[in-house]
Amino acid sequence: MTNLLPEMAEIWQQTLNWQPTVQQQAQFQRLYELILKGNRQLNLTRITDSQEFWEKHLWDSLKGIAPQGKFIPSLQESVSVIDIGTGAGFPGVPVTITAPNCQITLMDSTQKKITFIEKILTELALTNAKTLVGRAEEIGQHPQHRLAYDIALIRAVGAVSVCAEYTLPLLKQGGLAIIYRGNWTEDETTALQNAVKLLGGVIESIEQFTTPLSHSIRHCVYLRKIATTPVQFPRAIGVPSQKPL
78 MTNLLPEMAE
88 IWQQTLNWQP
98 TVQQQAQFQR
108 LYELILKGNR
118 QLNLTRITDS
128 QEFWEKHLWD
138 SLKGIAPQGK
148 FIPSLQESVS
158 VIDIGTGAGF
168 PGVPVTITAP
178 NCQITLMDST
188 QKKITFIEKI
198 LTELALTNAK
208 TLVGRAEEIG
218 QHPQHRLAYD
228 IALIRAVGAV
238 SVCAEYTLPL
248 LKQGGLAIIY
258 RGNWTEDETT
268 ALQNAVKLLG
278 GVIESIEQFT
288 TPLSHSIRHC
298 VYLRKIATTP
308 VQFPRAIGVP
318 SQKPL
């Protein structure tokens, strides 16, 4: 018996004004199966229930690229996207499935996870994504990656200013960083404003939303890069998380 993901066509339509094609639904299903299988060796996610997986990994990933319930228009074109600390492939792999015209780089510092992601890309026949092993602090100083991306995605675990320091150096002028987050407070907005200013960005919007099944509150923070990021950012490995801006 395979674990079947719910289709949720109506919820997709109501919340994102979109629904997956038959092929995309099949790719989501295969992704789910591969993650359940990979979880036995790799401890990829605590979320294994099919409805929870749909909500917290698929819906949540795509909600971030669809502020106000509409996909970011540039995702129809061939923009370059980087997912920093992709882990088991979220939000990057669902975005890869949904935006076939974009070039997506899935980055993580753990080689085992990247090897697993490569297997997923092959199995799902996703040709618009590639992988990168590295730490955000190093990649952000690398001439091939600095100023190279239109959109940077990151799921925030620590301080949001750390996410800003990881994402903004990688973006082209005018690029957008999307930080996925659970809770959010006004104090965080104030702290983030100062950090973002130092890094050449502005807070474009902070969106609060409720997930469709468990009704939990989530946030996405959108940062726009408007000026050059000073050369000293990102700082050396470990420094951003130990001494957030």
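So the sequence shown is residues 78 to 322, counted in the numbering used here. The C-beta atom is built at its ideal place from N, Cα and C for all residues, glycine as well.
Beta bridge counterpart(s) of residue i as assigned by DSSP
i    : result
V210 : D185
G382 : Residue 382 falls outside the range modelled here, since the chain spans only 78 to 322, and no answer is possible.
S157 : Q180
F286 : R295
L300 : A254 and I280
A86  : Looking at the DSSP assignment, A86 forms no beta bridge with any residue, so it has no partner.
A229 : I159 and A254
L248 : Y226
Straight-line Cα distance separating residue j from residue i
i    : j    : result
P144 : K207 : 25 Å
Q180 : L152 : 10 Å
G115 : G166 : 12 Å
I142 : V172 : 8 Å
Y226 : L247 : 6 Å
E87  : N94  : 9 Å
A213 : T244 : 8 Å
P307 : D126 : 44 Å
I256 : G315 : 19 Å
S155 : F148 : 14 Å
Q96  : W89  : 5 Å
W131 : Q101 : 13 Å
S282 : T266 : 10 Å
P220 : M85  : 42 Å
T287 : N260 : 11 Å
Q319 : N271 : 17 Å
Q118 : I191 : 14 Å
L135 : F105 : 8 Å
H292 : G235 : 23 Å
A233 : Q285 : 15 Å
I280 : D137 : 21 Å
Y109 : I124 : 10 Å
Q91  : L198 : 29 Å
K133 : L139 : 10 Å
V210 : R107 : 24 Å
M78  : E129 : Low confidence applies to M78: its pLDDT is 48, below 50, so where it sits in the model is not reliable, and the reading given next is rough at best. Each residue's Cα considered, the two are about 18 Å apart.
P289 : R223 : 36 Å
P150 : I228 : 12 Å
N80  : G278 : 43 Å
P317 : Q218 : 14 Å
Residue nearest to residue i in terms of C-alpha spacing, selected from the options
i    : options                   : result
L275 : A241, D264 and E284       : A241
E263 : V237, G315 and L113       : V237
K196 : T92, Q128 and V170        : V170
E215 : L82, Q118, Q309 and Q96   : Q309
L269 : N80, I124 and L322        : L322
L113 : A233, V273, P168 and F193 : F193
L230 : V158, A313, T92 and Q128  : V158
L111 : V99, L82 and P177         : L82
T98  : P177, Q285, E129 and R223 : P177
P311 : V273, Q285, I280 and E284 : V273
L52  : K140, K189 and N80        : The requested residue 52 is not part of the displayed model; the chain covers only 78 to 322.
A103 : L209, T175, G217 and G211 : T175
A313 : G277, V239, N80 and P168  : V239
R258 : N80, P168 and G146        : P168
Contact test: residue i Cβ vs the ligand GTP heavy atom, cutoff 8 Å
i    : result
T192 : The ligand GTP is not among the ligands present in this structure, which contains no ligands whatsoever.
(message) Using a Cβ distance threshold of 8 Å, determine whether the stretch 183-192 contacts the stretch 155-165, with at least three qualifying pairs required.
(response) The answer is yes - the stretch 155-165 touches the stretch 183-192, with three or more Cβ pairs under 8 Å.
(message) Measuring CB atoms only, is the stretch 191-205 touching the stretch 293-305, in the sense that at least three cross pairs come out at less than 8 Å?
(response) Taking a cut-off of 8 Å on C-beta distances, the stretch 191-205 does not touch the stretch 293-305, as fewer than three cross pairs fall below it.
(message) Quick check: the stretch 244-255 against the stretch 301-310, are at least 3 beta-carbon pairs closer than 8 Å?
(response) Output reads yes: the stretch 244-255 touches the stretch 301-310.
(message) Quick check on the DSSP output: what are the complete alpha helix (DSSP H) runs of length 4 or more inside the stretch 92-141, in order along the chain?
(response) Counting whole runs of 4 or more residues, the stretch 92-141 contains the alpha helix (DSSP H) stretches 99-119, 127-130 and 137-141.
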